[in-house]
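First the structure, in the form of structure tokens, and then the observations on it.
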Amino acid sequence: MSDKSEAKRTVRDNDVVTIEYTLKVDGEVVDSSEQHGPLSYIHGQGHIIPGLEKELQGMAVGESKEVTVSPEEGYGVEDPNAFIALPKSEFPPTITLEPGVQLQLSDQSGQVYNATIHEVKDDSVVLNFNHPLAGKTLHFTVKVVGLREATPEELAHGHVHSEGDHHH
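Residue numbers (the working numbering): 27 to 194.
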């Protein structure tokens with residue numbers, strides 16, 4: 027190691043940042059890079075929730091941090107208009123109708139929506155179309171494990187291109 031080490035590179039806009047993270051909500055782990063491997067994203071493009079992106083700005087490789095993100099800077103607050111009751115007859119008998127069950131529904135145009143069963147009544151089911159983490163305070167433990175400038179192509183396409191399998 028030379029003494030003239032350049033200033034440590036830190037996260038800034040248009041960098042490809044690779045992070046390891048764990049997300050806890052209400053004390054439970056709801057998502058973690060241990061499940062899917064580290065996450066790479068282009069910083070400053072709004073690909074990850076704003077509250078987390080803001081906290082990663084200026085971090086260097088090897089640094090880790092605890093970040094608490096409010097609902098407003100996370101997945102938004104719960105929208106009361108996103109609770110919709112549908113008649114039970116609309117649901118196939120194969121679906122377990124109980125609160126907390128997550129469903130995917132599609133409309134006529136084929137757009138797919140994720141919903142969670144909120145309440146089951148005598149003849150209808152109330153679905154919650156909010157993001158499951160809407161209204162939640164998010165607790166991240168995050169570590170920067172990779173950092174490089176995005177290529178012009180990545181910036182043009184707006185996402186990270188993974189390197190070829192055989193040549194690095």
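Yeah, the Cβ is synthetic: ideal placement off N, Cα and C, and Gly gets one too.
Val127 versus Asn140, Thr48 and Leu49, residue with shortest Cα-Cα distance | Working through the sequence shown from its first residue, we reach residue 127 at position 101. Out of Asn140, Thr48 and Leu49, Asn140 has the C-alpha closest to the C-alpha of Val127.
Are the stretch 109 to 121 and the stretch 166 to 174 touching by the rule of at least three beta carbon pairs closer than 8 Å?
-> no
Can Val168 and Val95 be called in contact, C-beta distance under 8 Å?
-> Taking the sequence shown and counting its residues from 1, the one referred to as residue 168 is at position 142. Taking the sequence shown and counting its residues from 1, the one referred to as residue 95 is at position 69. Contact flag unset, no.
Alpha carbon to alpha carbon, what distance is there between Asp57 and His165?
-> By one-based count along the sequence shown, residue 165 stands at place 139. By one-based count along the sequence shown, residue 57 stands at place 31. Each residue's Cα considered, the two are about 11 Å apart.
Taking His62 as part of the alpha helix (DSSP H), name the residues at either end of that continuous run.
-> Working through the sequence shown from its first residue, we reach residue 62 at position 36. Per DSSP, His62 belongs to the alpha helix (DSSP H) from Ser59 to His62.
Simplified DSSP state of Asn107, which is helix, strand or coil | Mapped onto the sequence shown, residue 107 falls at position 81. DSSP places Asn107 in helix when its eight states are reduced to three.
What's the gap between the Cα of Ser59 and the Cα of Arg35?
-> For the purposes of this step, residue 59 is identified with residue 33 of the sequence shown, where counting begins at 1. For the purposes of this step, residue 35 is identified with residue 9 of the sequence shown, where counting begins at 1. Take the alpha-carbon of Ser59 and the one of Arg35: they are about 23 Å apart.
Using the DSSP secondary-structure output, state which residues sit across from Phe166 in a beta bridge.
-> Residue mapping note: residue 166 aligns to position 140 of the sequence shown, counting from 1. Paired residues: Leu49 and Val93.
Coarse secondary structure for Leu123, derived from DSSP in three states | Position 97 of the sequence shown, counted from the first residue, corresponds to residue 123. Correct three-state label for Leu123: coil.
Which partner residues of Ser132 appear in the DSSP bridge assignment?
-> Taking the first residue of the sequence shown as position 1, residue 132 is located at position 106. Beta-bridge annotation (DSSP): Ser132 is paired with Val138.
Would you tell me roughly how many angstroms separate the C-alpha atoms of Val103 and Gln71, rounded to the nearest one?
-> Taking the sequence shown and counting its residues from 1, the one referred to as residue 103 is at position 77. Taking the sequence shown and counting its residues from 1, the one referred to as residue 71 is at position 45. About 22 Å.
What's the call for Leu123, buried or exposed, on a 16-neighbour Cβ count within 10 Å?
-> Numbered from 1 along the sequence shown, position 97 holds the residue referred to as residue 123. Result: exposed.
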